[in-house]
Amino acid sequence: PLPPPPQQPPPPQGTSSGEPPASALAKVLHMRQNPAAAAAAAAVTAAATAAAAVAAATAVREPACGQGGGVRDAPPEEIDALRAQLATVAKQNTRLASVFKAKIEEFRKAVQSLMGYRVDLHEGSCYHLHLGARGVLRFR
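Each number in our numbering comes from the position in the sequence shown (counting from 1) with 777 added on.
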């Protein structure tokens, strides 16, 4: 004789369709102040604020673009005054450069007459002291 077929386990109590009982299902915890929801709300608020700022900047920029950038021309008197001031400053710089050059030359001659060394100023704030045709002393 043949063995009897295996029997199916009986369905769990409380269900008729073979689903697991309610106690075996995962439980869901609903939080009153959900941190993820708070972060999402903050992101939405920040995005709305940024969109409002962009709209305001665009509203300011649009009329300026249509009118050539919104740059005003300076009055000719102001331009002439600034050009005169520029010429004065350039003249002062030229005078200072010539006076500075003369004072440096005077310093070189004084050092040479007092100590016998000739001072050469090179780039990089390096001074070369020459005693006749002999070696060079360098100070940094």
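Each residue gets a CB set at the ideal place from its N, CA and C atoms; glycine is no exception.
Worksheet item: Apart from the five residues just before and just after L863, which ones in its own chain have a Cβ nearer than 8 Å to its Cβ?
Response: none
Worksheet item: Mind checking Q784: buried by the 16 CB within 10 Å criterion, or exposed?
Response: exposed
Worksheet item: According to the Cβ coordinates, are V896 and F877 closer than 9 Å?
Response: no
Discussion item. Could you tell me the alpha carbon to alpha carbon distance between A816 and A829, rounded to whole angstroms?
Written reply: Per the coordinates, the alpha-carbon of A816 lies some 20 Å from the alpha-carbon of A829.
Worksheet item: Straight-line CA distance for A823 to E839?
Response: If I take the Cα positions, the gap works out to 24 Å.
Discussion item. For P888 and Y894, what's the separation of their Cα atoms in angstroms?
Written reply: Per the sequence presented here, residue 888 reads as Val, with Pro not at that position. Going by the C-alpha atoms only, they are around 6 Å apart.
Worksheet item: What separation, rounded to the nearest whole angstrom, lies between the Cα atoms of V831 and A820?
Response: 16 Å
Worksheet item: For D850, does the three-state DSSP call read helix, strand or coil?
Response: In this structure, D850 counts as coil in the three-state DSSP scheme.
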